[in-house]
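Note sheet for the following structure.
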Amino acid sequence: MNNINTEQPFVMVIFGASGDLTKRKLMPALYSLYKEGRLPKAFSILGIGRTVYTDSNYRSYILGEEKQYLKHEEQDEQVMGDFVSHLYYLSIDPAVESEYEQLRARLEELSGNEHPDNLLFYLATPPSLYGVIPQHLKKWRLNSKHARIIVEKPFGYDLASAQELNRIYSSVFEEHQIYRIDHFLGKETAQNLLAFRFANGIFEPLWNRNYVDYVEVTAVENLGIEQRGGFYDTTGALRDMVQNHLIQLVALTAMEPPAAFNADSFRNEVVKVYESLTPLDEIDLDEHIVRGQYMASNSKKGYREEKNIAADSRTETYIAMKLGISNWRWSGVPFYIRTGKQMPTKVTEIVIHFKETPHQMFHAVGDKGPTANKLILRLQPNEGMVLKFGMKLPGPGFEVKQVAMDFSYDQLGGVPSGDAYARLIEDCIQGDPTLFTRSDAVEASWRFFDPILRYWKEHTEAPLYGYPVGTWGPLESEAMMHEHGADWTNPCKNLTNTDQYCEL
Ligand code: BG6
1273 MNNINTEQPF VMVIFGASGD LTKRKLMPAL YSLYKEGRLP KAFSILGIGR
1323 TVYTDSNYRS YILGEEKQYL KHEEQDEQVM GDFVSHLYYL SIDPAVESEY
1373 EQLRARLEEL SGNEHPDNLL FYLATPPSLY GVIPQHLKKW RLNSKHARII
1423 VEKPFGYDLA SAQELNRIYS SVFEEHQIYR IDHFLGKETA QNLLAFRFAN
1473 GIFEPLWNRN YVDYVEVTAV ENLGIEQRGG FYDTTGALRD MVQNHLIQLV
1523 ALTAMEPPAA FNADSFRNEV VKVYESLTPL DEIDLDEHIV RGQYMASNSK
1573 KGYREEKNIA ADSRTETYIA MKLGISNWRW SGVPFYIRTG KQMPTKVTEI
1623 VIHFKETPHQ MFHAVGDKGP TANKLILRLQ PNEGMVLKFG MKLPGPGFEV
1673 KQVAMDFSYD QLGGVPSGDA YARLIEDCIQ GDPTLFTRSD AVEASWRFFD
1723 PILRYWKEHT EAPLYGYPVG TWGPLESEAM MHEHGADWTN PCKNLTNTDQ
1773 YCEL
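Using our numbering, the first residue of the sequence shown is number 1273, and each one after it goes up by one.
Pasting the structure below:
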């Protein structure tokens, strides 16, 4: 933990303080850290935004909002009142350099020092400001030695813009001061995947091309784009979910054991996975990727009817992809990944499908054939894991049925309150970047996805399939799996209705 100035009061500056992320995720996380006594003793949080608030009406605004976003059992009026007394607000336009004079003055005041240094800047703004803010901070000498900066995803819009952002950030801060956040890595269950793989001896020998048939990674949601039309329509599922969250889960599943659990060793292994992704050339693209967009169904709006969405938008709200990893461990094992909005349920899980036994002597029960072993790692909800294997049905004969050994996280006391954001903000305050994305990883990931984005841009006729709200996505994604002789593992009834699908 090399990055803390404990001499000064700690000040966290949130750019985008009147926005959605702040009220939904950051404030609940900070409140839970405060409640558990995990924030520095002397601290202030300074919200920045263009909306006009005084300190006092910003506090009332946050108090009001948090009643909605904090779980009932977490709300303690006294503690909430104490917590918001640490909040301050400054109304400036973060795009305008001269206004940072006011920011500097406010930080000198809050840190009680002419040279504010124990600072954490959080960029919860639209991505268009990610490049501007650090440059203005530098002009006003707020990029001090111990300052840290957290930047939300997507970091960049494509490879070139990510490289440009990296160039800007490295001209303002040292790499150890830059925290590119991907909140999936803050999830307890994502971290547990590492413990599961590397703290147990019995799975690792099987974790390779000799024993694994294919892997599924699913992160789907039953919500639409909510109030984020403007952002989402220029972003799409690939940039919003796949280039960061999903590929991060692929890395955790596929990586080699790091030599030690520290920032460099861990992140080196992540980068190696990204660099081993088999590049997709144009011929593969339409075959290996299914893009979808949700359509109105059962009185629920379609994507094109949402606020701030173009009536002829071709932005994808669903992606299914078949990936390959070209290395000794995984060569030939497909990784099927998918994400989508307006699916039947919200679930994030990884399923490892092991190979069938070479010869099967027994009959399976039911219509589905015997039944390779399957390990399901459930990241949310019902955090836990399930191992499926065959057992003889009691009685005459030798019929084999798949049974499940089910471990739920609740048995370890459950996932702690305060979600991924609390964990990651605390790590950043303590100067631990392990669970944040390093500059080379972000570029390696874009290097893989860039040709896909370019292809879609250049080929406006590339397929985009509609799927009705509340279904498991385009039928073409089922077909992609069928080619492997398999079906997606859907945690509840498949709601497929062929008549409701079409090509857009
Ligand atoms: C965010 C995406 O990063 O992750 C959202 O921008 C998505 O579109 C969200 O809804 C999903 O995160 P979680 O933790 O709710 O699964």
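For each residue, glycine too, the CB sits at the ideal point set by N, CA and C.
Using a Cβ-based criterion (distance less than 6 Å to any ligand heavy atom), does residue i qualify as near ligand 1?
i	result
Asp1292	no
Asp1505	no
Asp1536	no
Asp1512	yes
Kindly indicate which three-state DSSP category residue i falls into: helix, strand or coil?
i	result
Met1777	Coverage of the chain is limited to positions 1273 through 1776, which leaves residue 1777 absent and any answer about it impossible.
Pro1586	For clarity, residue 1586 is Arg in the given sequence; the question names Pro instead. DSSP places Arg1586 in coil when its eight states are reduced to three.
Tyr1306	helix
Ile1320	strand
Leu1552	coil
Val1623	strand
Ala1692	helix
Arg1469	helix
Glu1730	helix
Lys1411	helix
Glu1671	strand
Tyr1441	helix
Met1593	strand
Ile1609	strand
Thr1525	helix
Thr1294	helix
Ile1581	coil
Phe1533	coil
Arg1601	coil
Ile1561	strand
Let's test the definition: count the other Cβ atoms within 10 Å of the Cβ of residue i and tell me whether it reaches 16, buried, or not, exposed.
i	result
Asp1759	exposed
Gln1683	exposed
Arg1726	exposed
Gln1702	exposed
Leu1387	Per the sequence shown, residue 1387 should be read as His rather than Leu. It is exposed - the Cβ of His1387 has fewer than 16 other Cβ atoms within 10 Å.
Asp1454	buried
Pro1399	buried
His1631	exposed
Asn1390	buried
Glu1588	buried
Arg1420	buried
Pro1426	buried
Glu1621	buried
Ser1598	exposed
Leu1382	buried
Val1489	buried
Ala1583	exposed
Glu1578	buried
Ile1624	buried
Across which residues does DSSP place residue i in a beta bridge pair?
i	result
Tyr1739	Tyr1566
Gln1632	According to DSSP, Gln1632 bridges with nothing at all.
Leu1659	Leu1647, Met1677
Phe1282	Phe1315
Arg1420	Leu1392
Lys1664	Val1672
Gln1652	Thr1620
Ile1450	Ile1421
Lys1572	Ser1569
Thr1709	Arg1452
| Segments assigned beta strand (DSSP E), at least 3 residues, entirely inside the segment 1335-1401 | DSSP runs (the beta strand (DSSP E)) wholly in the segment 1335-1401: 1359-1363, 1391-1395.
| message | As an exercise, report each continuous beta strand (DSSP E) stretch of at least 3 residues that is fully enclosed by the segment 1486-1510, in chain order. | response | If we require 3 residues or more, the segment 1486-1510 turns out to have no beta strand (DSSP E) run fully inside it.
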